[in-house]
Structure formats: C-alpha cells, structure tokens
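Colleague:
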Amino acid sequence: MKAVEIHQYGAARDVLRLSHNAPRPILAADEILIENHATSVNPVDCAARSGYGQNFFSRLGWGDLPMILGRDASGVVVAKGKDVAGVEIGDEVYAAPPIGCYAEYVKVKAVHAAPKPRNISHSETAALPFIALTAWTALVTNAGLTAENATGKKIVVPRAAGGVGSFAVQLLKAWGAEVAAICSTRNIELVRSLGADTVIDYTQQDFRDHLQDYDVAFDLIGRKSDFDELDNDYKGGTATADGSHYDEQLMSVLREDANAVYVTVCSPKVALTNKYGYDEGVRQADIEYANRANAAANKGYQYVWSFFDPNAAPLRAVACLIEEGKIKPVIDKAYPLADIVKAHEYCETKQAQGKIVIDIR
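Heads up: the sequence shown is residues 19 to 379, going by the numbering used here.
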C-alpha cells in the first residue's frame, strides 16, 4: 500500500518518505481495517517525527521504527476481525488510532471507531478525531463539563485558533458556556466567528486584566520550562514577560472554589521520559504533578493533567453536533499525501488556523 514512513528521527524533509509498497496492516480479532480517504497533521506528529516521546511511545508499543505517523482516519471499512460486532463492511467511519494514518489502509480497534458525520466529506471529517477527543477528554472527562451543566459556566481557552482550541470553543458554545478565547491579532476574526464571547489579543493585552472568576481554564500552551530541555525540534510552552509560568497566569483567573478546574494537555510527562527514561521519567512526573496539584488545592481549585483517550462515544456525540450544524471543521490547508513534507513544515510554523488535512483518495 501507499504510505509515508520514517526510518529515523529528524527534520521533515530528511526523514518523511513516501512508500508505494508498505505492508498492509494485519488485523487482530477486535480490529477493523479502514480504506483511508484522508488524514491530518497534528503538532504531535511533527514532535514524534523529531524524536519527542521515544521512550514513552515505545513503552506503549507505538514508537518502533520504521513508523507510519498520523492520528486521524476517515474512510470505509473493508475488513474486520472475527470478534467485531456492530461494524459492517462498507460502513463509513472515523477514528483516532495512536499511529499509522499516513497510509491508504489503517487498522483500529472497532470500539474506537464511530460513524462519520453524514453531512461532511472524508477530508473535512479527517480534521476532527484527534482534536475532538483531546478536547473532550480534558473538558468532559477531567473538567466535568457536559451539555447539561455547561450553560452559563465561564471557560477560558488560549490558542483558540488552533486545532484543539477552535474545536473547544465551538463545543463549549454549543453547550451554552461563556467562552473567553485568547489568540493573536490575525486570528481574532476567525475566533469570533466560532462564537467566542470574549476575545483577548495576547499581543496587545494581558488577559489577567480582563478575566476573572472563571470556572475552567483549558491550557493548550503549558510551561515553557517543561519543554526547554528537549533535544529536538518540538518546543512547547510559552515565555511570559514577567517571568511567571503560563499555567500560573491562567490559574489566576479562576474563582477560588473547589469546583473550579485548571486542566492542561501540556504536561511534562512525556518530556520527562525523554530526559530520564520511561520509569524514572514517570516517577518524576508523578512527583511534579502531586506538587502542582497540592499547590492549586491550597489556592482553592483543582489541577489536572489530561491525556488523550481514544473513545468512540465522544465521536458519536460530535458527529451529531456536526450534523446539527453546531460544530464545523476548521481547515487551513489541504495537501495530497505526496506533499506531506510541506504539510509538516507548515504545521511547524505554528501559523495554521485550525487543521492541516492530507487527502489520500
């Protein structure tokens, strides 16, 4: 099959290679095979290509070379394992497996795939699974927000024009929340079009001067110091003018209440396993998490690190919201699979509004 592989870690143009004879995935009894029509590029793909998370992902069985990157799939089921029920050959589905989506065929556990939204294309659908599940795990599983209880609650979302941020703003507005979105000047119009109630231009304003008594802070940036020592092209976090940590700045706008939540998808856990090895890195991460969570509790709110969960139930709920017109995919550029290097290089500029899609069929 046609697929993009890496055989070593490094810069996009040095390591991404289009193969026309990659082996088709072999299914386990609980898996389905998707004829993949489209995928997308996520920042974590660029990070993994550069070597970020080698120890962490290898321990989970995702990090061995040669590797096919990609965490979004939208296509048609063409085969299924003997134990699969509820999914049929010919079904159009979407999913976010941990790896393998830069390819014509992708395998995924059947329980992690959901029917694709009927009113949008595979290309549009491929922009959704990973970011939707990332946002859902943080906001629903960890922050406790639902369609029933979000109405009137105040949530702040930085990096609101990115993939996860643009999805989160729309999800929260669909549920009736009051959303403050933080973005740069060039992204203000987009973020307003997504329904944000308050838009803060971080190049001109300090959000702490304008926001207070928020129920949830959804951090998509993280502490710069958590990522400074990574020896690759991926750098997370952001510097702050006054020397404080960005997560501390976000927490300062929360109301002091045990039900207020700071939740981040930018924990240092993977970075620490890069630095110390898996076991010691996880131990160091556990200590760091306990320290930060205790410090937050002393100030009167919750502190949570959120990790992606490949659960099909949220994808079914998201498909309904899309079919109802309450959420739309935000797509900046689309490339053919042969131009995957250009797509990665554009992703690494951090200028994309929403997602970068890769068309395969």
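Heads up, the beta-carbon is just placed ideally off N, CA and C, and yes, glycines get one too.
The alpha helix (DSSP H) with histidine 362 in it runs from where to where?
Modeller: Looking at the DSSP string, the run of the alpha helix (DSSP H) that includes histidine 362 is 358 to 365.
Colleague: Measure the CB-CB distance between alanine 186 and phenylalanine 148 and report whether it falls below 8 Å.
Modeller: No, they are not a contact pair.
Colleague: Suppose contacts are defined by Cβ-Cβ distances below 8 Å. Is leucine 355 in contact with lysine 20 by that definition?
Modeller: Yes, they are a contact pair.
Colleague: Decide if the stretch 279 to 297 is in contact with the stretch 331 to 338; the criterion is three or more beta carbon pairs, one per stretch, under 8 Å apart.
Modeller: No, the stretch 279 to 297 does not touch the stretch 331 to 338.
Colleague: According to DSSP, which residues form a beta bridge with glycine 372?
Modeller: In the DSSP output, where bridge partners are listed per residue, glycine 372 has Gly180.
Colleague: Could you give the DSSP three-state label for isoleucine 86: helix, strand or coil?
Modeller: Residue state, collapsed to three classes: coil.
Colleague: For a test of the three-state rule: what should DSSP assign to isoleucine 200, helix, strand or coil?
Modeller: In the structure shown, isoleucine 200 sits in a strand (DSSP, three-state: E or B).
Colleague: Buried or exposed for leucine 83, please, with buried defined as at least 16 other CB atoms from any protein chain shown within 10 angstroms of its CB.
Modeller: By the neighbour-count rule (16 or more Cβ atoms within 10 Å), leucine 83 is not buried but exposed.
Colleague: To the nearest whole angstrom, what separates the beta carbons of glycine 99 and glutamate 49, a pair I think is in contact under 8 Å?
Modeller: Between glutamate 49 and glycine 99 the Cβ distance is about 5 Å, and since that is below 8 Å, they are a contact.
Colleague: Expressed to the nearest angstrom, what Euclidean distance is found between the alpha-carbon atoms of isoleucine 86 and aspartate 227?
Modeller: Approximately 45 Å, taken between the alpha carbons.
Colleague: Is the stretch 277 to 290 touching the stretch 304 to 324 in the sense that three or more CB pairs, one from each, lie closer than 8 Å?
Modeller: Because the criterion of three Cβ pairs below 8 Å is met, the stretch 304 to 324 and the stretch 277 to 290 touch.
Colleague: Quick one: Cα of asparagine 73 to Cα of lysine 127, how far?
Modeller: If you take the alpha carbons of asparagine 73 and lysine 127, they lie about 23 Å apart.
Colleague: Aspartate 275 and tyrosine 319: beta carbons closer than 8 Å?
Modeller: Yes, Cβ-Cβ distance for aspartate 275 and tyrosine 319 is below 8 Å.
Colleague: Could you give the residue range of the beta strand (DSSP E) that holds leucine 34?
Modeller: Unbroken run through leucine 34: none, as it is neither H nor E.
Colleague: Is the stretch 190 to 203 touching the stretch 161 to 174 in the sense that three or more CB pairs, one from each, lie closer than 8 Å?
Modeller: With the cut-off at 8 Å, the stretch 161 to 174 and the stretch 190 to 203 touch.
Colleague: Helix, strand or coil: which one does DSSP assign to alanine 145?
Modeller: The answer is coil: DSSP assigns alanine 145 none of H, G, I, E or B.
Colleague: Tell me whether threonine 57 sits in a helix, a strand or coil according to DSSP, three-state version.
Modeller: The answer is strand: DSSP assigns threonine 57 an E or B state.
Colleague: Could you tell me whether the Cβ atoms of valine 95 and arginine 67 are closer together than 8 Å?
Modeller: No, they are not a contact pair.
Colleague: Please state the DSSP three-state secondary structure of methionine 19.
Modeller: Note: methionine 19 maps to coil in three-state DSSP.
Colleague: Over what stretch of residues does the alpha helix (DSSP H) that includes alanine 313 continue unbroken?
Modeller: 296 to 317 is the extent of the alpha helix (DSSP H) around alanine 313.
Colleague: Please list the terminal residues of the continuous alpha helix (DSSP H) segment that includes serine 92.
Modeller: Where serine 92 is concerned, there is no enclosing alpha helix (DSSP H), although the beta strand (DSSP E) it sits in stretches over 91 to 98.
Colleague: Keeping to the same chain, check which residues put their C-beta closer than 6 Å to that of proline 115; ignore five residues upstream and five downstream.
Modeller: Contacts found: Val126.
Colleague: Can you tell me where the alpha helix (DSSP H) holding isoleucine 340 begins and where it ends?
Modeller: Note, isoleucine 340: alpha helix (DSSP H), 330 to 341.
Colleague: Classify threonine 152 as helix, strand or coil using the three-state DSSP reduction.
Modeller: Correct three-state label for threonine 152: helix.
Colleague: Can the beta-carbon of proline 41 be found closer than 8 Å to that of valine 124?
Modeller: In this structure, valine 124 does not lie closer than 8 Å to proline 41 by Cβ.
Colleague: Count the other C-beta atoms from every protein chain shown that fall within 10 angstroms of the C-beta of glutamine 371, then say buried if there are 16 or more, exposed otherwise.
Modeller: Classification for glutamine 371: buried.
Colleague: Based on the DSSP secondary-structure assignment, which residues constitute the bridge partners of aspartate 219?
Modeller: Bridge partners of aspartate 219: Cys201.
Colleague: Run the proximity test for glutamate 266: is its beta-carbon closer than 7 Å to any non-hydrogen atom belonging to the ligand FMN?
Modeller: In terms of ligand content, the structure shown is empty, and the ligand FMN therefore cannot be addressed.
Colleague: Report back the beta-carbon spacing between arginine 89 and aspartate 109 to the nearest angstrom; my notes put them in contact at under 8 Å.
Modeller: At roughly 20 Å, the Cβ-Cβ gap does not stay under 8 Å, so arginine 89 and aspartate 109 are not in contact.
Colleague: Quick one: what does DSSP say aspartate 251 is sitting in, helix, strand or coil?
Modeller: Its pLDDT being 40, under 50, aspartate 251 is placed unreliably by the model, and the measurement read from it follows with that caveat. Coil at aspartate 251, not helix or strand.
Colleague: If you draw a straight line from the alpha carbon of lysine 344 to that of alanine 156, how long is it in whole angstroms?
Modeller: In a straight line, the C-alpha of lysine 344 is about 20 Å away from that of alanine 156.
Colleague: Would serine 141 be called buried (16 or more neighbouring beta carbons within 10 Å of its own) or exposed?
Modeller: Label assigned to serine 141: buried.
Colleague: Run through the DSSP bridge pairs and tell me what proline 133 is partnered with.
Modeller: Its beta-bridge partners are Val111.
Colleague: Using the three-state DSSP reduction, which class does tyrosine 264 fall into: helix, strand or coil?
Modeller: Here tyrosine 264 sits in helix by DSSP.
Colleague: Between Val234, Ser202, Thr367, which lies nearest to tyrosine 280 when the distance is taken from Cα to Cα?
Modeller: Of Val234, Ser202, Thr367, the residue nearest in Cα terms is Val234.
Colleague: Contact defined as beta carbons within less than 8 Å: I believe glutamine 230 pairs with valine 271. What is the distance between those atoms, to the nearest angstrom?
Modeller: About 6 Å separates the two Cβ atoms, so the contact holds.
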